[in-house]
Structures are given as C-alpha cells and as structure tokens.
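Some notes on the structure that comes next.
Chains as they are written, first to last, in our numbering: chain U, 2 to 659; chain L, 185 to 336; chain W, 2 to 176.
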C-alpha cells in the first residue's frame, strides 16, 4: 500500500507542478492577478506531495520492504539504519526523486522570500521552475519509477554498493543536488526576465543571493565528493577528471563566472545579456551533467545503471528547456541594451576578464570530456582524454584568474588607474615573491611549480590583507578600527573570505603535488618503514566482523622522533552480500599533513604489502573549499537583500509599472 | 604448560631482534617508480575508469608486467608506449597524442581564451564610444538647447 | 545581431552529438590491427602440448581465430554459433585458449563441444596482448596473406556471422 501511495503522491505533485507552470506563465502573459497569485500555493502543494513521496520511499527502506524493486537493489536487512536511509538516493530512481525534492524545496524558498518582487516576476519565475519540475516528474513517473513492485517480494535485498556505505556518501549527493538544482533559480530568473523584456539592475540584485547560495552548496558537494574519494577509494587521489566529476565542475565554473557577472550587472547594469546567457548555461550544464551520468554515453566510475530510454528522455528535456530558453534569448536579448559604460581598465573589465577565463575553463573541460565522443561519432577513431590533458590545460588558465583575484577587488568601478593599483599592491607583490622564493625551502626543496603556486596563493591572500588594511585606514572619522571594520558590508567579508579560501586551496594543491611521497613495502610483523619523518610499525593483521562485512584489520602504530603519534587500522573488507572486496585506508588527519596507510595483498602467512603515504597540507584543499562556501554564505546573507524585504511591496509594484 | 610462558618470553625477546626496516614491495624500486609513473598515464582497458597503475584487473597486471619487462630491457618510455598503442590504439593513452584529429582538442582552450578576450576588448572599445545611460546624442543636444534657453 | 544565435547553434550541434552518442558504445576499443599482418606466435596446442601451432601454418587460407576461456561466461553464449560455423565448413575455426588452466579448457570443450580445428594454449596471455585482446570472447578473421581483416569484440551472434563474417569470408576466398 505504501509504495502505491508514493506513486499517487508523485502523480499529484505532477499535476500541481503543471498547474504551477501554466498559472505562472500564462497568468503573467495575460496579466491575470488571480492566476499569478495561485502559483505560490501550487508550488507549496507540489513540495508537500514530493516530500510525502520521498518520505514513503524512505519508509520502505527503513521497513525493509523488499517487494519494492528499488529497495531490493539498494538495501539489505543487515544494512545499518543510517545506510538504509542513505540508500534512498543510492541508485538512479531514488536520486532522481531526491533531485525533484531539492527542486521543490528551492521553489518553496522562492515562494517564501519573494515578497518584495513584483507579482508578475514571481509568477514567471515559479512558472519556469514548474516547467522544469513537470519535466522531471514525467521522467521519474514514466522511466525511473522508484515505487515499482515485484511479486513475490524478494527475501532480502542485494545490499547497497559498499563504496556508498560511508558518511560522505550520505551528504555528497544532497549537497551536490542542492547546488545543481539551485542554479535553476538563476535560470528561471533569467528566463522570466527575457519573457517580461525587463532586465535591469534590480533583476540582478534579486537573482544574486539565490545564485550564490546554489554555488555554496555546489562547492560543498564537490568538496565532499573529492574528500570521499580520497579516503574511500584507497588510492590517496582526490580528483580524477572523471566525466562525472567534470559534469559537476562545469556548472561550478560557470556558476563562479555568473556570480561575478551578476556583480557587474547589479552595480553598473552592464553586460546584462551576457549574465542572462551565463545563467542559462549554468543550468544547462547541470542538466547536461544529469544526462551524462545516466545515459551511458560516457563511461564513468560514478555512472548509474544506464538505459537508452532514459537517455532519450533527458535529452528531450534538455532540448525543450535549454533549446527553448536559448531561442528565447535569440529573440529577446538584442533588445536588452548596453547599460553603464566603463573604461578598459576598471573593475568591470577585471570582472569580465574573470568571466572570460572561467567560461573558457568550463568550455575546455567540456571539450576534453566530450572530445572522445565527438571523434568516435565522426568515425575518426577512439581516444582517451584524462588527467594529463586536463591538468596541462586547466592550470595555465587558472593562473591569470588568480592574478586578477588580487587586483580586481581593489580596482575602482568605471575607471581604474594602473599606477594607483600598482602602488597599493606593491607590498602584496613583495610578500608573494618572498613566499614563493623562501617557503619551498621550509619543505626541503625548491621547485618552479611549487613556487608558482605559492606565489599566486600568497598574492591573493596578501591583496586581501591590503583590502582589509585600507578599510581600516580609510574610513572617515575617528572611529576605532573595530567600528570601521564592522561597517564593512557582509558581502565584502564574504568576498574576502571566499578569495582567501581559494588561496588556501591553492596552497593545499601545490604542496601536495609538490611534496607528497609514498612507499610501497612488504611488512612482516615488527617491521618498520619511515616516511616524511614518521615511523610506521606493522603489528600484524587480525580478523574482524562488521555488521555486513568481514575484514582483515592491521594495527600500525606511528611514531615521530620516538614519540607516539597515533595508531592506524587499515582494513581489507569483504562485504558478505555482494562478495565485494574493499580497501579501507586509515588516515591520520593533521593541519599540516595527512598520514595515509592502506593494505595491499597478503604475500605470505604473516607478511603483507602495505602502502604508506605522506601528504603535506592536503586538508587545506577541502578547508579552502569550505572557506569558499562560507564566504559565499556570508555574501548571500548581506543586509541589502534582507532589507529590501522590509520595504513596501507597493513601492516596487509602482516602480515596475512605470 | 609450564614451557609456554618460557616460549612466550623467548618470542617476545626475539621479536625486536627480528624486526627490521621493511623492504620495498617491488624487486627494483627505482624501476618500479618509472613503471608506475608511466602506468599513471595509461588507461586500463578493463576497468576503463582507472589508470593502469591503479587497476587490479588481471589484464592490467599483465600489461604492467609487460611495461616492467620492456623497461628492464632498456626500452625508453616512448618505445613502451608505442608497443601498447600498436596493440590497443590511442584509447590506452590518457594523454591524447597530438595529431591532425586532436589539434582542436589541444589548442581549443587557448583559442577559447583568445577569442573571449578579443570579444571583450572589442566590446569595451565600442562601449567607450557608445553613450551612457541611454540618453541619445540628439537628446543631449536638445537638453543643452533647453538649458541654454532657460538661462536667458 | 547574429552573435546571439551562436549559443543556440552550438547547443544544436551538441545535442546532435549526444544523440548519436546514445547509439555508440563508449567501452568498445576498436582494434588498430585491422589491415595489418597478424602478429606472429608459436604456441603449444591445447590437446597436444608437444605440438605447436603458428599463424604461419595458415598462410594461403582464410581462417577465423576465436579467443575463449573456460572461465568466460559470454563464451557460453557464443559457443553454439561457433559450432554451427565450424559444422558449415565455410571457414576453418581455430581457438586461442586465453589465460586458462589446461585441464579446465579441455574439460570445457569436452562438455560444450569442440568447434576448433585446434586450440592453442596461451597461459600467460602474451599472445592475447599481441593481438590486442582485452576481454573474452573476441574473434578475428584473417586472410590468405595473413592480414587481419575483421575483429569482433564480444560474443558472435548468428546475425553477425550471416551478415558480416560469411560475406567477408567469401570475398577473401575469391582474392
């Protein structure tokens, strides 16, 4: 009964989504206030029913209802409760339902925080989101129904993929989908603006917090995925340029360009048609990512079970949603107009240079990801494009962006002066050069790439410090430094923190790539191996029983200069149901380094192959991402977005009507 | 039973004497480093989303052995790569070779960047000439006239 | 104003590519050996370890080399097709027993039937690597001059035998 109720809930959600779309779009086109006003309740109703469906699927997992095909393929009675819940989004059908849930949550958010927008705009935005929801609900109901039943019910399930039985797994997809789906709001705002023909600075200001929030989630989602791969896959790698990783990275790059472009449009009303295009592209890349993961067009370690029917459906969705909006763009964008002018050397042009770089980066990742397919489709042979390509291409693209990150925020709007910038930044440059020359020696050896990475990171951090210093020094009056600093808007702190996060990230990547070391050794009990100044002793392996696996667990105490540091317990597990072997690495996390140990194979009764890694500063990679996301969250919660909510709605309606 | 504690004691005393610095898993660590460095740039044909270095597939092990043997014989990296490409095609290379069919791939990013900056520059130049805030030249003139008229 | 149409044009091209992509198999690795001479080998036979077999023994004939193993599940699927092909006499079929144990290979043939004029025993898989084998089963068609003319990756099906293999065999026989 429960799964059937779930299906009914989804069908009802579909009706409401369709109503939301029609009421919103047709209502706005015909200026029907009653219809437009009805979109909010329709959207909220949609969330209610999607949430019910999701809750019912979760219940089926918790209650071990193996008559539901999806539960059977992704769960097992021996699976611990929290993984049974995470299993809800462990497979294709459930993860699509999660996607839809996220979409309706964001839609609900828009209904709540849009009091200050003109009704026509809200109706259009909700209408477009309703269209997207309709498309996905149709997709789930017709090709990817999680509530399908089997008769007779299975005795037990086939267990959740062991790779997914992990805390990171629990959080990574929800965060990622919040990001992907959040870009649909920027997209809806863009389409609504194109439809209404009105695209001004106010539109950018409304769009911006939503876009930044989506970007924060995507940043966290990607960082979680990377961290999870690091400790779960047993290899110590954290980014593989795998097609599905690229599929999440492209919207992130485009989203980064978008939040910077929105800044220009909001402040100066400039480059509006480009911002609109970026908003469409960011969501287009989110949808493309969904397609790539689920259609079987590219091989990927992340890919869900693939099916050509599903591929065709998502492709059709892509064509309708993105093709439609791009056609709308051809029709309406020429009427948008130019906006405020600015000099070739100005903050606007620096921000636009950022856009060119990030857009080129996204384009390059797309090129590399799809090139093998393009060659194969044209019968020109089969090639592979992997990390060597992406690293060669991506790093040189990002270097100028990092340089600009130091200069841009200090440049004046409309017209900046090069001598002025140079003099304000001379100490930052000096600090950066010093760091590049001196710091590598602290790690033991100097290298060009390390120096370059440290130069750019230090440059960004130092220029951030210059900005703070100027705010303290330049504020009018005799107020204390603290008062001056607290007068700085949150959005500025957000920017400083996010940029600082980038610097931290770059330090992490540079140091790990420059100084990581590993040793692959054969160890008998009592043997030791030394790496990075740490000594690891192998104390043998004993058998352990987990809830749904058996494992060989090694005990490896670690010392440094004779003093104990930690004990590590890497494991080699076999999950009973799927009979799948898994290497569980043991990691000692530290501020300046990670110690990473994994078990290889047993080479005799007592001896094992053990791999030990020393990874300096690797946690700065994810720490940097976290700082970026926090910076974004600060920026999105700036007063000016919340203050506007307090103003009278009529004021805006009147302004919009003029 | 009384012998057991003695044996245990003997074992405990012997253990530190037997413990040593672990030997590298590979017979020739220097060669192994070279093998793995190359294997990281090659694609496993069975587990196609892993490098030849990472993969545990039997074919991956066989191919690593082939790479190791050839390197031991003194072949260069280039020759080992050619050996694999002869048999499996360019698919096995994670770093796509530069050929007529991959020129667009390798130069694409640079072209994108250059095109982007060219467009940006042109727009900025054109914008300098364009009028601010949507007030046209004609209206500027008229406004000036009106203002001049006001002053009289 | 045509610059506004660039995104939609690029999008259309992209969708076209993805649509074509839905019909392709990204995992398939086509062989670079098509049109090239079959790599040389001299291996002991499966049934009689003292006798060897080489591709040079087949010069002047059109023949099929099928890579199989007793541990290979898909090989069971294609085995009836091979038996039919061998029985028809259209082209001689030889086997390459890939990374298998001799007893297992012999037992498998005994139980499933032996379509091969003879099978060679490639315990280490080196000949397989020379032929670009990466999965089992794989089948090669080699012409009178010893050049590989066709490779099938995956199990043979009656359609492939009828529509691709046999016509090509006829063509090569005439040459």
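For glycine and all other residues, C-beta sits at the position ideal for the given N, C-alpha and C. Note that this is a predicted model, so its numbers are computed, not measured.
Around the Cβ of residue 315 of chain L, are there at least 16 other Cβ atoms within 10 angstroms (buried) or fewer (exposed)?
The predicted position of residue 315 of chain L is uncertain, since its pLDDT is 47 and thus under 50; a value taken from the coordinates is nonetheless stated next. So residue 315 of chain L ends up on the exposed side.
By DSSP, does residue 64 of chain W sit in helix, in strand, or in coil?
strand
Against residue 353 of chain U, what residues of chain L qualify as contacts under a CB-to-CB distance less than 9 Å, listed in chain order?
304, 307 and 308
Outcome for residue 151 of chain U when other beta-carbon atoms lying within 10 angstroms are tallied against a minimum of 16
exposed
For chain U, is any of its Cβ atoms less than 8 Å away from the one on residue 316 of chain L?
A caution first: residue 316 of chain L carries a pLDDT of 48, below 50, which makes its placement in the model too unreliable to give a value.
Helix, strand or coil for residue 114 of chain U? Go by DSSP, reduced to three states.
coil
Residue closest to residue 510 of chain U, alpha-carbon to alpha-carbon, out of U:432, U:472, U:455 and U:518:
U:455
Beta-carbon proximity list for residue 394 of chain U, same chain, < 8 Å, skipping 5 on both sides
365 and 369
Segment limits, alpha helix (DSSP H) that includes residue 141 of chain W
Where residue 141 of chain W is concerned, there is no enclosing alpha helix (DSSP H), although the beta strand (DSSP E) it sits in stretches over 139-143.
Taking all protein chains shown into account, do 16 or more other C-beta atoms lie within 10 angstroms of the C-beta of residue 257 of chain L, making it buried, or fewer, making it exposed?
exposed
When we look at the beta-carbon of residue 640 of chain U and count the other beta-carbons within 10 Å, is it buried (16 or more) or exposed?
exposed
Would you kindly check if the distance between the Cβ of residue 67 of chain W and the Cβ of residue 84 of chain W is under 8 Å?
no
Which residues mark the beginning and the end of the alpha helix (DSSP H) in which residue 41 of chain W is found?
From DSSP, residue 41 of chain W is part of no alpha helix (DSSP H); its letter is neither H nor E.
CB-CB under 6 Å to residue 233 of chain L, same chain, minus the five flanking residues each way: which ones, in chain order?
none
Supposed contact pair residue 526 of chain U and residue 506 of chain U - C-beta distance, whole angstroms, cut 8 Å:
With a Cβ gap of about 40 Å, residue 506 of chain U and residue 526 of chain U do not count as contacting.
Contact with chain C by residue 323 of chain L, beta-carbon distance below 8 Å
The displayed structure is made up of protein chains U, L and W, and chain C is not among them.
By DSSP, does residue 617 of chain U sit in helix, in strand, or in coil?
strand
Pick out whichever of U:133, U:58 and U:161 has its Cα sitting closest to the Cα of residue 77 of chain U.
U:161
Any residues in the stretch 122-136 of chain W with a beta carbon nearer than 9 Å to a beta carbon of chain L? Which ones, in chain order?
125, 126, 127, 129, 130, 131, 132, 133, 134, 135 and 136
Against chain U, with Cβ distances strictly below 8 Å, would residue 249 of chain L count as a contact?
no
Counting only the same chain and skipping the five closest in sequence on each side, list residues whose C-beta sits under 7 Å from that of residue 194 of chain U.
200, 204 and 277
Quick one, which of U:638, U:119, U:551 and U:380 has its alpha-carbon nearest residue 26 of chain W's?
U:380
Please report whether the beta-carbon of residue 270 of chain L lies at a distance below 8 Å from any beta-carbon of chain W.
yes
Return the residue from the list U:501, U:55 and U:562 that minimises the CA-CA distance to residue 531 of chain U.
U:562
If you draw a straight line from the C-alpha of residue 259 of chain L to the C-alpha of residue 274 of chain L, how long is it?
20 Å
Looking at C-beta atoms only, is the number of pairs between the stretch 389-403 of chain U and the stretch 420-431 of chain U that lie closer than 8 Å three or more?
no
Do you know whose CA, among U:220, U:93 and U:441, lies nearest residue 634 of chain U's CA?
U:220
By Cβ distance below 6 Å, which residues in the same chain neighbour residue 310 of chain U in space, the five residues on each side in sequence not counted?
144
Are any of the Cβ atoms in chain L nearer than 8 Å to that of residue 175 of chain W?
no
Can you list, in chain order, the residues of its chain whose CB lies under 6 Å from that of residue 512 of chain U, leaving out five sequence neighbours each side?
617 and 618
Member of L:243, L:281, L:310 and L:331 whose CA lies at the smallest distance from the CA of residue 341 of chain U
L:310
Show which residues of chain L have a CB atom less than 8 Å away from the CB atom of residue 385 of chain U.
227, 274, 275, 276, 277, 278 and 280
In the structure shown, what three-state DSSP assignment does residue 234 of chain U receive?
coil
Is it a yes or a no for the stretch 315-325 of chain U touching the stretch 127-146 of chain U, going by three-plus beta-carbon pairs under 8 Å?
yes
Within 7 Å of chain L by C-beta, residues of the stretch 240-260 of chain U in sequence order:
243
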